[in-house]
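First up is the structure itself, then whatever we jot down about it.
In the working numbering, the protein residues as written are 65 to 134.
Listed below in structure tokens is the structure:
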């Protein structure tokens with residue numbers, strides 16, 4: 065191979081290889097979107113659901129045990 069061809073392949077690899085982790089990530093499935101917060105341990109969006117309430121019905125952290133958090 066000639067130097068320009070090698071440089072072209074290296075440049076292509078430098079652009080494409082960092083994109084592989086992004087392509088490997090999968091988003092929520094259609095069933096997950098329809099289910100919403102039926103599984104409260106798995107938030108589909110930043111706010112938990114599409115209403116934006118940011119509330120979780122989980123009860124692991126309570127006013128009584130919050131002082132034990134580090």
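C-beta atoms are modelled at their ideal positions from N, C-alpha and C, and glycine is treated no differently.
Taking only runs of the alpha helix (DSSP H) that begin and end inside the region 69-124, which ones reach a length of at least 4 residues, in chain order?
Segments of the alpha helix (DSSP H) lying fully in the region 69-124: 84-88, 94-99.
Go through its chain and collect everything with a Cβ distance to residue 104's Cβ below 7 angstroms, but skip five positions before and after it.
Counting only Cβ-Cβ distances below 7 angstroms, and skipping sequence neighbours, we find 120, 121, 122.
Judging by CA-CA distance, which residue of 92, 115, 71 is the nearest neighbour of residue 106?
Distance check between residue 106 and each of 92, 115, 71 places 92 closest, using alpha-carbon atoms only.
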